[in-house]
Amino acid sequence: MSTANGIPSWITAELFAKILPNIVKDFAKISNFKVCQALAPGENYATVMLKVHIDCLLATGRTEQFTLMLKVPHNNDLYRNEMIKFHMFATEAGMYRQIVPEFEKLYRSKGLEISFGAKSYQLPAVKEEYILLEDLTRRGFRNVKRQNCLDMEHCRGVLKKLAQFHAASAVWVEKNGSFPDLYSRGIVREEGKGLLGSMFNSGLQHLLKTTEGMKSCERYYPEFKRYADKFMDEIFHQTARDDKAFNVLNHGDCWSNNIMFQYGAQGELKETYFVDLQLPCFGTPAQDLLYFILSSAQLDLKIKHFDEMIHYYHENLIEHLKLLGYSKPLPFLRDIHQMILKGSIWAMITVLITMAAVLCDTSDSATVDNFVSDSEDSQHFKELLFSNERFKSHWEVVLPWLYQRGALEV
Numbered sequence: 001m002s003t004a005n006g007i008p009s010w011i012t013a014e015l016f017a018k019i020l021p022n023i024v025k026d027f028a029k030i031s032n033f034k035v036c037q038a039l040a041p042g043e044n045y046a047t048v049m050l051k052v053h054i055d056c057l058l059a060t061g062r063t064e065q066f067t068l069m070l071k072v073p074h075n076n077d078l079y080r081n082e083m084i085k086f087h088m089f090a091t092e093a094g095m096y097r098q099i100v101p102e103f104e105k106l107y108r109s110k111g112l113e114i115s116f117g118a119k120s121y122q123l124p125a126v127k128e129e130y131i132l133l134e135d136l137t138r139r140g141f142r143n144v145k146r147q148n149c150l151d152m153e154h155c156r157g158v159l160k161k162l163a164q165f166h167a168a169s170a171v172w173v174e175k176n177g178s179f180p181d182l183y184s185r186g187i188v189r190e191e192g193k194g195l196l197g198s199m200f201n202s203g204l205q206h207l208l209k210t211t212e213g214m215k216s217c218e219r220y221y222p223e224f225k226r227y228a229d230k231f232m233d234e235i236f237h238q239t240a241r242d243d244k245a246f247n248v249l250n251h252g253d254c255w256s257n258n259i260m261f262q263y264g265a266q267g268e269l270k271e272t273y274f275v276d277l278q279l280p281c282f283g284t285p286a287q288d289l290l291y292f293i294l295s296s297a298q299l300d301l302k303i304k305h306f307d308e309m310i311h312y313y314h315e316n317l318i319e320h321l322k323l324l325g326y327s328k329p330l331p332f333l334r335d336i337h338q339m340i341l342k343g344s345i346w347a348m349i350t351v352l353i354t355m356a357a358v359l360c361d362t363s364d365s366a367t368v369d370n371f372v373s374d375s376e377d378s379q380h381f382k383e384l385l386f387s388n389e390r391f392k393s394h395w396e397v398v399l400p401w402l403y404q405r406g407a408l409e410v
């Protein structure tokens, strides 16, 4: 049930008052409570992000303003019929409450303090799906404007944190065995095939139309067309995990809006945190690497400096695997490159969903429904995604790169 302004009615001051004594020092009672939408359309798709504003009256008589971030599901048929199959809330809750703290504990046991994201909190006796997190902006964290993409300093910050995350996951498996299915399956799964098919097939048709009209891409269009016709046949085969290879727990949705940065006094990058841990996937690190670099690195970096970024990731991966005492053979740099070639379908998945969303202008049409449906609004939105000049400037660099690497061969 929701109130008139779209905020679920179960979100009340009385409920939050039960947990605030454990979060806010000297908390006495709530003097004001307000919940609002945290993000504009196009900044978050899979879930609804709310910001909880609380004025806390303290035992000292002072009032302290406090904020929390609350993630809830969409109240629509798409979520109830399709998106619920991905178990995103149960997955993310377990990631924040169990898996990520265990990764951090691995580093702490070796004398290195590493944090991967926000603190999470639990509300008492709530049956609804939710994720409650600290508001990282209170510590100075912020996103980079997605359309601007990330410069090399920010890319290196993300790649180092990914390497640390991946290394911890590989050591976790050595110590504990396989991750439970809840944390290992990611977005490509049989029960989600209908939703993925709707999203990818429609996107491919719009991308083909855009590509056909780009003179700079005419050389690559015939092979891209053949690839597009086979894409859905290939996606499950090419994303299958190779259990004999080096595998990691991928973040699974590592793009610029799911990364927050903290800066020092001189504006230098100080810390990098991940958010949105709802689609982890145990498999090739090529997934996170292709997804992040192609979706979020600046235009002059994502292809021209791709190998440099992979080298930097690999250096950090090996450093942290050694630190944590990984006992199996360490992956060579060439192994990572071979994984990227073998897992190249993640590049097209990224282009079709995330690169397009990152580069799109802000629009009220930017909703998850419009990503997957065939309505008139949906068609208009996909025109915005794939025909805008910002997207085309990136695509005309990425497409030749994919072609020359053999990524379009089927």
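Residues 1 to 410 in full-length UniProt numbering are what the sequence shown spells out, letter by letter. The beta-carbon is built from N, C-alpha and C at its ideal position, and this holds for glycine as well.
- Here K304 carries a coil assignment [DSSP, helix/strand/coil].
- For Q404, there is no enclosing beta strand (DSSP E); the residue is found in the alpha helix (DSSP H) stretching over E389 to Q404.
- Per DSSP, the unbroken alpha helix (DSSP H) holding C155 starts and ends at M152 to N176.
- Taking each of I30, N75 and T63 in turn and checking the Cα distance to P8, the smallest one comes out for N75.
- By the Cβ-count criterion, P285 is buried, with 16 or more other Cβ atoms from all chains shown falling within 10 Å of its own Cβ.
- M214 is positioned such that its CB atom lies no closer than 9 Å to that of E376.
- As the crow flies, the alpha-carbon of V35 is around 25 Å from that of H87.
- Rounded to the nearest angstrom, the gap between the Cα atoms of E315 and V100 is 22 Å.
- Following the DSSP letters along the chain, one finds G94 inside the alpha helix (DSSP H) bounded by residues M88 to G94.
- By the Cβ-count criterion, I54 is buried, with 16 or more other Cβ atoms from all chains shown falling within 10 Å of its own Cβ.
- The shortest CA-to-CA distance from G343 to any of A407, Y326, D307 and M95 is the one to A407.
- As summarised for the segment 176-261, the continuous alpha helix (DSSP H) elements at least 4 residues long and confined to that stretch are 181-184, 193-212 and 221-238, given in chain order.
- With 16 or more other CB atoms across the displayed protein chains lying within 10 angstroms of its CB, A170 is buried.
- Residue state for E315 is assigned as helix, using DSSP reduced to three classes.
- One Cα belongs to F89, the other to M260, and the distance between them is close to 20 Å.
- Here the alpha carbon of A228 sits roughly 28 Å from the alpha carbon of N148.
- In the same chain as G197, and ignoring 5 residues on each side of it, the C-beta atoms closer than 8 Å to its own belong to M232, in chain order.
- Nearest Cα to E389 within the set Y313, E153, D181 and L299: L299.
- Note on A356: 16 or more other CB atoms within 10 angstroms of its CB, so buried under the neighbour-count rule.
- Pairing V248 with W172, the inter-Cα distance amounts to about 10 Å.
- One Cα belongs to C217, the other to R146, and the distance between them is close to 25 Å.
- Taking the Cα of L352 as reference, the smallest distance to any Cα among E129, G157, S387 and R80 is reached at S387.
- In the three-state scheme derived from DSSP, where H, G and I count as helix and E and B as strand, A28 is classed as strand.
- The C-beta distance from A118 to V275 rounds to 7 Å, short enough to fall under 8 Å.
- The residue from H251, L150, F179 and H206 with its alpha-carbon nearest to that of K302 is L150.
- By the C-beta density criterion, V72 is buried, having at least 16 other C-beta atoms within 10 angstroms.
- Annotation: Q338 to R405 spans about 11 Å, alpha carbon to alpha carbon.
- In the three-state reduction of the DSSP assignment, Q338 falls in the helix class, which pools H, G and I.
- Per DSSP, the beta-bridge partners of E271 are Q262.
- By the Cβ rule, the segment 100-109 does not count as touching the segment 182-190, because fewer than three pairs are nearer than 8 Å.
- Beta-bridge pairing by DSSP links C36 to K51.
- In the DSSP assignment, E64 falls within the unbroken beta strand (DSSP E) covering T63 to V72.
- As computed with DSSP, R142 is found in a beta bridge with F261.
- Look at P101 here: in three-state DSSP terms it is helix.
- DSSP places F116 outside both helix and strand once states are collapsed to three, so it counts as coil.
- At a Cβ-Cβ threshold of 9 Å, D135 and T211 do not count as neighbours.
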